[in-house]
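This report concerns only the one structure given below.
Numbering (this note's numbering), first residue to last: 205 to 458.
Written as structure tokens, this is what we have:
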């Protein structure tokens, strides 16, 4: 059972779990079956002429793809990137076809269009807080929404700290500080966390994101009052430069 399987099984039992399934789908790494090997950053999905229309196929593990298609070309990319690539092209997506997994399903083109529309970035803090406090009085849905995304953000930062920030104009908002973050980590996490907040029913501006060096003066009060959330070390599995592995350089369709 993969995380996507568990989310699909929960949705099958209770329709109220549908937002959680779609959040998992958007964040999941999917392996898109291709017609030919990638040409630089350009990919050509293999399309199947089903009764419901042209359909691309993707799987949430490489083993599932190989079980369906054998040794076949593919591109690894997030669910949100795949939805954005297929949006508006009247192409459906067959997910985990032939696996008999709980997540085996057909996603109509309209669902992909809708998924692509949910990609709204969280707010990147543009001013320095004048006070830091414990992350109290948070929306109930906030922490469950962001924790899985941080767990999947391997290598983007050494640690995240969730706190409450007070600004000079009197505004008080939750702040997620990224300690010793990689270049561009705030932008990458703003995209995935903003999307997670939307699926959780929260406005994307309900959380500020900031990059904080370990040596910064604000790091000490953040550690003293905030909630520390570890981020995994980077994985070596993905091949550098593979289409879809760089969120800032999504592949192009042919």
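We treat Cβ as the ideally placed atom computed from N, Cα and C, and that holds for glycine.
Cβ shell of residue i (< 6 angstroms), same chain only, five flanking positions each side left out
i, result
"residue 438", "358 and 359"
"residue 290", "316"
"residue 397", "326, 350 and 353"
"residue 259", "252, 296 and 298"
"residue 213", "306"
"residue 324", "398, 402 and 408"
When the options are compared against residue i, the one with the closest alpha-carbon
i, options, result
"residue 319", "393, 298, 283 and 276", "283"
"residue 341", "323, 275, 376 and 330", "376"
"residue 231", "355, 413, 371 and 419", "355"
"residue 303", "266, 338 and 324", "266"
"residue 299", "292, 312 and 324", "312"
"residue 412", "393, 424 and 385", "393"
"residue 148", "420, 226, 401 and 218", "Look at the range of the chain in this structure, 205 to 458, and you will see that residue 148 is not part of it."
"residue 434", "281, 419 and 363", "363"
"residue 436", "255, 383, 271 and 424", "383"
"residue 211", "426, 242 and 264", "264"
"residue 228", "207, 388, 241 and 243", "207"
"residue 149", "301, 294 and 418", "The structure shown does not extend to residue 149, since the chain is modelled only from 205 through 458, so no value can be given for it."
"residue 345", "235, 426, 410 and 270", "410"
"residue 269", "281, 292 and 235", "235"
"residue 271", "288, 301 and 292", "301"
Cβ-based burial, residue i [other Cβ within 10 Å; buried from 16]
i, result
"residue 399", "buried"
"residue 285", "buried"
"residue 390", "buried"
"residue 321", "exposed"
"residue 261", "buried"
"residue 372", "exposed"
"residue 461", "Since the first residue shown for the chain is 205 and the last is 458, residue 461 is missing from the structure and cannot be characterised."
"residue 254", "exposed"
"residue 243", "exposed"
Proximal residues to residue i (C-beta, below 8 angstroms), its chain only, five neighbours per side dropped
i, result
"residue 238", "247, 248, 249, 250, 276, 277, 278 and 279"
"residue 422", "332, 333, 336, 381 and 416"
"residue 216", "306"
"residue 223", "403, 404 and 405"
"residue 328", "390, 391, 394, 412, 413 and 414"
"residue 221", "211, 214 and 215"
"residue 256", "296, 310 and 312"
Cβ neighbours of residue i in the same chain (closer than 7 angstroms, five flanking residues each side left out)
i, result
"residue 273", "237"
"residue 339", "366, 367, 368, 378, 430 and 431"
"residue 385", "360, 361 and 415"
"residue 240", "248 and 277"
The ligand PLP heavy atom lying under 6 angstroms from the CB of residue i
i, result
"residue 274", "With respect to the ligand PLP, the structure shown offers nothing to examine, as it has no ligands at all."
Item to complete: With a floor of 3 residues, list each beta strand (DSSP E) that falls wholly inside the segment 276 to 353, ordered by position along the chain.
Response: 278 to 282, 296 to 299, 309 to 311 and 335 to 337
Fill in: Given 8 angstroms, three or more beta-carbon pairs between the segment 332 to 340 and the segment 352 to 360
no
Worksheet item: Should the segment 366 to 382 be regarded as contacting the segment 429 to 439, the criterion being three or more beta carbon pairs within less than 8 angstroms?
Response: Segments in contact, yes.
Discussion item. Within 8 angstroms, do at least three Cβ pairs link the segment 395 to 413 to the segment 337 to 354?
Written reply: yes
Worksheet item: Can you give, in chain order, each stretch of the beta strand (DSSP E) that sits fully within the segment 365 to 449 and has at least 3 residues?
Response: 376 to 383, 412 to 416 and 431 to 434
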